[in-house]
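Peer 1: My questions will all concern the structure given below.
In the numbering used here, the protein residues as written are 0 to 95.
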């Protein structure tokens with residue numbers, strides 16, 4: 000029987016920013032991998048990655064107004080993993 004990899008369980012606490020920083024630090028490699036999509040990969044045929052990121056930025060602006068705690072947490076994840084916050088948002092919410 001093949002061993003399946005175990006998903007890590009993180010216990011984090013604090014503000015949304017604190018939680019994001021803890022997740023970003025603990026999962027930095029996974030966050031970097033998820034947000035390192037290249038310019039050739041887009042979910043929609045006919046869109047460039049630049050187009051997709053522009054749309055993600057517009058959606059991020061709406062999300063920041065309506066769910067500021069979510070953007071605060073994702074920004075902290077990005078900060079701790081040392082990656083672009085828009086790319087983390089796009090990978091997490093927009094599924095690029």
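For glycine and all other residues, C-beta sits at the position ideal for the given N, C-alpha and C.
Small disclaimer: the values here were computed from a predicted structure and weren't measured.
(1) Can you check which of these residues, 16, 21, 1, is closest to residue 8 by C-alpha distance?
(2) Leaving out the 5 sequence neighbours to the left and right, which residues in its chain are closer than 8 Å to residue 3 when beta-carbon positions are compared?
(3) Starting from residue 87, trace the alpha helix (DSSP H) both ways and give me its first and last residue.
(4) Please classify residue 57: is it buried, with 16 or more other beta-carbons within 10 angstroms of its beta-carbon, or exposed?
(5) Which residues in the same chain as residue 33 place their Cβ atom closer than 6 Å to its Cβ, once the five residues preceding and following it in sequence are excluded?
(6) Please state if the CB of residue 30 and the CB of residue 87 are separated by a distance shorter than 8 Å.
(7) Along the alpha helix (DSSP H) that carries residue 22, what are the first and last residues, could you check?
Peer 2: Put simply:
(1) Indexing the chain shown from 1 puts residue 8 at position 9. Taking only the C-alpha atoms, the option nearest residue 8 is 21.
(2) Locating residue 3 in the chain shown gives position 4, counting from the first residue. Taken in chain order, the list of residues that qualify is empty.
(3) Stepping through the chain shown from its first residue, residue 87 is reached at position 88. Bounds of the alpha helix (DSSP H) holding residue 87 are 84 to 88.
(4) Counted from its first residue, the chain shown places residue 57 at position 58. Its Cβ having fewer than 16 others within 10 Å, residue 57 is exposed.
(5) As a position in the chain shown, residue 33 is number 34, starting the count at 1. Only 90 meet the Cβ criterion.
(6) For this step, residue 87 is matched to residue 88 along the chain shown. For this step, residue 30 is matched to residue 31 along the chain shown. Yes, the pair counts as a contact, with Cβ atoms nearer than the cut-off.
(7) Walking along the chain shown from the start, residue 22 turns up at place 23. Unbroken alpha helix (DSSP H) run through residue 22: 15 to 25.
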